[in-house]
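*Asks:* All letters in the sequence shown, in the order written, are residues 52 to 365 by our numbering.
Glycine included, every Cβ here is placed at the ideal spot set by N, Cα and C.
Everything numeric in this text was worked out from a predicted model, so none of it was measured.
Below are the structure tokens for one structure; questions will follow.
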Amino acid sequence: MPMHRIPDSSTCFLPRFCFRQALNLRFLLPVFFALTATAAAQNNALLFTHQERSLQPGEVVVFEIRSSRPMRNMEISAFERSFPAFTENEGLLWTCLVGIDRDTKPGKYGFKLEGAGTDGAPVSTQGTLNVLPKEFPSRSLTVEPKYVSPPADVLDRIRKERELVDSIFTAITAEKLWHGSFQAPVPGEVISAFGKRTVFNGQPRSSHSGTDFRGAVGTPIRAPNSGRVVWTGDLYYTGKTVILDHGQGLYSYLGHMSAITVKEGDRVETGNIVGKVGATGRVTGPHLHWTVRLRISRVDPVSLLTVLGKSRQK
Ligand SMILES: [Zn+2]
């Protein structure tokens, strides 16, 4: 996991992409979608379109699939993963979220859309996503050596925590637990963007797995959507942390809290308070770190808010 440091305003590497501006994007979405709904194809009984902020690493792509006859299931195979679709229209209209992992290389990627009709007859079609390159910002920092190389006595703890978190993200709850639109867990702006690469004391470290939002200690942290609290605890890098399972392989990971106000197994609705902003773990100041995983793919929470934020009600 990356180290999290708070940039001051002069080091905010994306000053033009603060969260409030991301919110403003919502008003542009109809036009944006019109420009980026890049594919439509008909094969057998399936017609699909997809919408996204951009076809780049770290983005969420929302597919809408129409079938001329009711289907009992539907999924998309892409990027060597399987993304389940869900229907809210008796099997005629399906939605599927596909994640383009942060480390995806640019290029053309084929995908396959498969389902079965209510009579069990298989239906499929396929297409191609042309993933464009993305230059994530980077910066160099000089910090105390202990921030670069953890002490030997904590390396085992870090390894075990990584294995624990990976095991959570790879477990798939078949049921879809989220609904409606996603909302930011705190009102503060983005202060450290997804995918940022930091070189500490000349040594590159893994790029940012989530997005950091500004927040004062004690600011309530709200569930970005409904789900189940799958894990709470104290992790070396992200301190007091809550992991929410939104179902179908979609997870929110919220870190650096000063207090956790939910417990494992709790069901939460969108906007329920799950904790308070803090500065626990490896930070230099209080903020909220939010990671989103979609079928293991590391995607930008702001991408999720853009394609499934308040402008999009389902
Ligand atoms: Zn972070």
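1. Rounded to a whole number of angstroms, what is the C-alpha to C-alpha distance between residue 358 and residue 204?
2. Can you tell me the Cβ-Cβ gap for residue 331 and residue 266, rounded? I've got them flagged as a contact below 8 Å.
3. Quick one: is residue 102 buried, meaning 16 or more other Cβ sit within 10 Å of its Cβ, or exposed?
4. Please classify residue 345 as buried or exposed, where buried requires at least 16 other C-beta atoms within 10 Å of its C-beta.
5. Residue 262 and residue 152 - do their beta-carbons sit closer together than 8 Å?
6. Helix, strand or coil, according to DSSP, for residue 238 in the structure here?
7. By DSSP, does residue 296 sit in helix, in strand, or in coil?
8. Taking the straight line between their C-alpha atoms, what separation do you get for residue 225 and residue 354?
9. Using DSSP with H/G/I as helix, E/B as strand and the rest coil, what is residue 247?
10. Taking Cβ positions, are residue 108 and residue 155 nearer each other than 8 Å?
11. Just the C-alpha distance for residue 328 and residue 340, rounded to the nearest angstrom, thanks.
12. Contact between the region 310 to 327 and the region 124 to 131 is defined here as three or more beta-carbon pairs at a separation below 8 Å; is this criterion met?
13. With DSSP run on the structure shown, which of helix, strand or coil describes residue 203?
14. Please state the DSSP three-state secondary structure of residue 133.
15. Have a look at residue 337 and residue 244 and give me their C-alpha separation to the nearest angstrom.
16. Where does the unbroken beta strand (DSSP E) through residue 271 begin, and where does it stop?
17. Residue 324 by DSSP, collapsed to three states: which one?
*Replies:* On the basis of the coordinates in this document:
1. 43 Å
2. Residue 331 to residue 266, Cβ: 13 Å. No contact.
3. buried
4. buried
5. no
6. coil
7. strand
8. 23 Å
9. coil
10. yes
11. 9 Å
12. no
13. helix
14. strand
15. 16 Å
16. 271 to 273
17. strand
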